[in-house]
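Engineer: Residue numbers (this note's numbering): 45 to 219. Glycine residues also receive a C-beta, built at the ideal position from the N, C-alpha and C atoms. Only a predicted model underlies this, so the values are computations on that prediction, with no experimental measurement involved. Let me give you the structure first, and then I'll get to my questions.
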Amino acid sequence: MNDRVLVAYATKHGATAEIAEKIGQALREAGLPTDVLPFSRSGDLTPYKAVVLGSAVYIGQWRKEAVAFLKANEKALAGRPMWLFSTGPTGKGEAKELTKGWRFPRALQPIADRIQSRDIALFHGALDRKTLSQVEKWMIKKVKAPLGDFRDWEAVSTWAKVIADTLKKEAASIK
Ligand SMILES: Cc1cc2nc3c(=O)[nH]c(=O)nc-3n(C[C@H](O)[C@H](O)[C@H](O)COP(=O)(O)O)c2cc1C
45 MNDRVLVAYA
55 TKHGATAEIA
65 EKIGQALREA
75 GLPTDVLPFS
85 RSGDLTPYKA
95 VVLGSAVYIG
105 QWRKEAVAFL
115 KANEKALAGR
125 PMWLFSTGPT
135 GKGEAKELTK
145 GWRFPRALQP
155 IADRIQSRDI
165 ALFHGALDRK
175 TLSQVEKWMI
185 KKVKAPLGDF
195 RDWEAVSTWA
205 KVIADTLKKE
215 AASIK
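Written out as structure tokens, the structure is:
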């Protein structure tokens with residue numbers, strides 16, 4: 045195992061991919077070599093000392109490739125520091141207030157607990173009318189989700205910096 049960090053993500057319309065890239069950028073700026081990859085290209089965890097996993101949220105669920113990755117790699121993930129994030133709510137105000145306290149699929153909480161995830165963040169997402177299917181447009185109209193890009197880049201960077209600080213401190217303490 046070397047000192048690389050993996051940021052793996054699941055996206056449908058691209059908003060989560062850009063959040064993952066932002067996290068990767070902050071980790072690299074903090075001096076941690078980092079790969080940012082979709083789950084479809086994240087296989088062997090051997091090269092990674094820590095992982096950050098995130099997914100877009102659709103109807104209260106993580107995307108299926110993210111769920112499959114968590115389940116398939118539980119053992120390898122349990123041996124590494126792991127952080128999780130969901131990308132979802134649109135609109136002004138605290139992300140967790142917009143989701144009434146929700147931040148992560150309930151069905152996945154037991155696996156996150158077993159792996160002992162360090163933190164689970166919830167970030168604002170983006171809804172671009174041009175990229176949505178007819179069904180998606182109908183669904184978001186029904187739940188009155190505001191259209192627009194509500195991603196909070198500062199919140200994303202701040203969260204990533206805490207991860208970098210934690211990893212660097214832990215690395216220093218075992219030297
Ligand atoms: C059909 C549909 C259902 C959604 N359901 C949820 C939801 O249950 N909770 C939530 O917080 N956001 C929900 N969203 C918002 C998306 O999570 C948000 O647009 C996110 O940024 C999408 O990320 P992506 O571009 O990476 O796919 C939904 C969006 C659509 C289009």
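Can you tell me whether Lys136 is helix, strand or coil according to DSSP?
Structural biologist: If DSSP states are grouped into helix, strand and coil, Lys136 belongs with coil.
Engineer: Which residue wins for smallest C-alpha separation from Thr175, given the options Lys186, Asp193, Asp163 and Ile159?
Structural biologist: Residue Asp193 is the option with its Cα nearest to Thr175.
Engineer: Does any residue of chain B bring its CB to less than 8 angstroms from the CB of Glu141?
Structural biologist: In summary, chain B is missing from the structure at hand, where a single protein chain is found.
Engineer: Determine, using beta-carbon pairs with one atom in the segment 183 to 200 and one in the segment 151 to 162, whether at least three such pairs fall under 8 angstroms.
Structural biologist: Too few Cβ pairs lie closer than 8 angstroms, so no.
Engineer: Got a sec: does ligand 1 put a non-hydrogen atom nearer than 7 angstroms to the Cβ of Glu180?
Structural biologist: Result yes, Cβ under 7 angstroms from ligand 1.
Engineer: Beta carbon of Lys119, beta carbon of Arg48: below 8 angstroms?
Structural biologist: Not closer than 8 angstroms, so no.
Engineer: With DSSP collapsed to three states, give me the class of Lys56.
Structural biologist: DSSP places Lys56 in coil when its eight states are reduced to three.
Engineer: Give every residue of the same chain whose Cβ lies closer than 7 angstroms to the Cβ of Val80, excluding the five residues on either side of it in the sequence, and list them in chain order.
Structural biologist: Closer than 7 angstroms at the Cβ level, and outside the excluded window around Val80, lie Val51, Ala64, Glu65 and Gly68.
Engineer: Assign Ala208 to buried or exposed, taking buried as 16 or more other Cβ atoms, counted over all protein chains shown, within 10 Å of its Cβ.
Structural biologist: Flag for Ala208 reads buried.
Engineer: Would you check whether ligand 1 has a heavy atom nearer than 7 angstroms to the C-beta of Gly68?
Structural biologist: Answer for Gly68: no, Cβ out of range of ligand 1.
Engineer: So Val206 is in the beta strand (DSSP E); what residue range does that whole segment cover?
Structural biologist: First-last for Val206: Trp197 to Ser217, but that is the alpha helix (DSSP H), not the beta strand (DSSP E).
Engineer: Using a Cβ-Cβ cut-off of 6 angstroms (strictly less than) and excluding sequence neighbours within five positions of Ala122, which residues of its own chain qualify?
Structural biologist: Once the five neighbours on either side are set aside, the close Cβ partners of Ala122 are Ile159.
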